[in-house]
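What follows is a set of notes on a single structure, which appears directly below.
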Amino acid sequence: MEPQPRYVWMAELLRRPILSGELAPGDRLPSRSRLARAYDVSEQVSRHALRLLVNEGLVEARPGAGYFVRTPPDVHRFPRTDRFSGAGVGPLHTSEYDVATERASGGLARRLVLQEGAAVFRTRTVGTAEGEPVAVHTAWEPTALTRGTLRSPVDAPEAGVLERLAGVGVGVDRVVEEVGVRPLRAPEAASLRLPPGRPMLVVERTHYSQGRPVETSDLVGSVDQCRLVYRLGLTRPRWRRP
6 MEPQPRYVWM AELLRRPILS GELAPGDRLP SRSRLARAYD VSEQVSRHAL RLLVNEGLVE
66 ARPGAGYFVR TPPDVHRFPR TDRFSGAGVG PLHTSEYDVA TERASGGLAR RLVLQEGAAV
126 FRTRTVGTAE GEPVAVHTAW EPTALTRGTL RSPVDAPEAG VLERLAGVGV GVDRVVEEVG
186 VRPLRAPEAA SLRLPPGRPM LVVERTHYSQ GRPVETSDLV GSVDQCRLVY RLGLTRPRWR
246 RP
């Protein structure tokens, strides 16, 4: 087995009192030079060790002040199996709701199986907690489904997608989700007040009717604040007498 790098060893020694609660949120860690002397390593090793803990979200670096144990962020849990198939920002508060008409292209056109340039309704919703944006939900659906009715996202903003589409005779019978991490894009970054490019948790959800995609959406949130909750029903195995 290859020897463990010194900075990984040192990070583990610093990690233990943080995870155990011996060091509380807000506590200041010793400086890089003091850590180097205490653990008999170079400052480069102590710098890498602290950087590792920063990347793990356990420590924050404050310019000019040093390194501090990070206060754990509030975690928000998003139920993914509710009967309404609600893909919005609940349980967060809705602080922004915007509907516009766009032209589908590239990946969006493929997700909805539309021709390039087909018109779609784009709905963007921002979810907040204590006034701070946490997640943004962007949904797209072909305008041909509900335009000219009272069931479009423009005319029925409070209705869920299942209810709206059912009102025009489109019954959703399947939902598919893909969960992953990707860089934050510019429109989402503006809504979340974060710099573009930051890794974010993304849930791609698509609603189908008789094999045809009728709506697709992205739920984008911070990887350290958002959790997805899935409740899965299981079929009990039949007991047989031996």
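The sequence shown begins at 6 in our numbering and counts up by one.
Glycine residues also receive a C-beta, built at the ideal position from the N, C-alpha and C atoms.
Residue i versus residue j: straight-line alpha-carbon distance, rounded
| i | j | result |
| --- | --- | --- |
| V184 | L206 | 7 Å |
| L28 | L63 | 11 Å |
| E146 | A105 | 11 Å |
| S36 | G202 | 30 Å |
| L167 | R243 | 35 Å |
| N60 | S25 | 19 Å |
| D45 | V13 | 14 Å |
| P200 | P138 | 13 Å |
| D223 | P8 | 43 Å |
| R67 | T148 | 48 Å |
| R56 | A70 | 15 Å |
| E107 | R116 | 15 Å |
| E220 | A144 | 7 Å |
| Y72 | R187 | 28 Å |
| L233 | H142 | 14 Å |
| G93 | P162 | 12 Å |
| T133 | S47 | 44 Å |
| L54 | A16 | Strictly speaking, residue 54 in this sequence is Ala, with Leu absent from that position. Cα-Cα distance, rounded: 5 Å. |
Distance between beta carbons of residue j and residue i, contact taken as under 8 Å
| i | j | result |
| --- | --- | --- |
| L58 | L113 | Incorrect: roughly 39 Å between the Cβ atoms, too far for contact. |
| P30 | T76 | 4 Å |
| S110 | E121 | 5 Å |
| T99 | R236 | Incorrect: roughly 23 Å between the Cβ atoms, too far for contact. |
| D103 | V74 | Not quite, the Cβ-Cβ distance comes to about 38 Å (not below 8 Å), so this is no contact. |
Assigned secondary structure, residue i (DSSP; H/G/I helix, E/B strand, else coil)
| i | result |
| --- | --- |
| P84 | strand |
| R156 | coil |
| P22 | helix |
| A4 | Past the edges of the chain, shown from 6 to 247, lies residue 4, and the structure says nothing about it. |
| G185 | strand |
| G111 | helix |
| E168 | helix |
| V141 | strand |
| V74 | strand |
| A191 | helix |
| A29 | coil |
| V180 | strand |
One or two residues paired with residue i in a DSSP bridge
| i | result |
| --- | --- |
| S227 | M205 |
| R232 | R82 |
| P218 | Y213 |
| D103 | R129 |
| P146 | Inspection of the sequence shows that residue 146 is occupied by Glu rather than by Pro. According to DSSP, E146 bridges with F126. |
| A134 | E137 |
Any C-beta of chain C under 8 Å from that of residue i
| i | result |
| --- | --- |
| S157 | The structure shown has no chain C; it contains just one protein chain. |
Between the region 188-196 and the region 33-47, do at least 3 Cβ pairs fall closer than 8 Å?
-> no
So does the region 222-231 actually touch the region 77-86, counting three or more Cβ pairs closer than 8 Å?
-> yes
Do the region 201-215 and the region 153-160 make contact, defined as three or more Cβ pairs closer than 8 Å?
-> no
Please determine if the region 126-145 and the region 170-181 are in contact, where contact requires at least 3 C-beta pairs separated by less than 8 Å.
-> no
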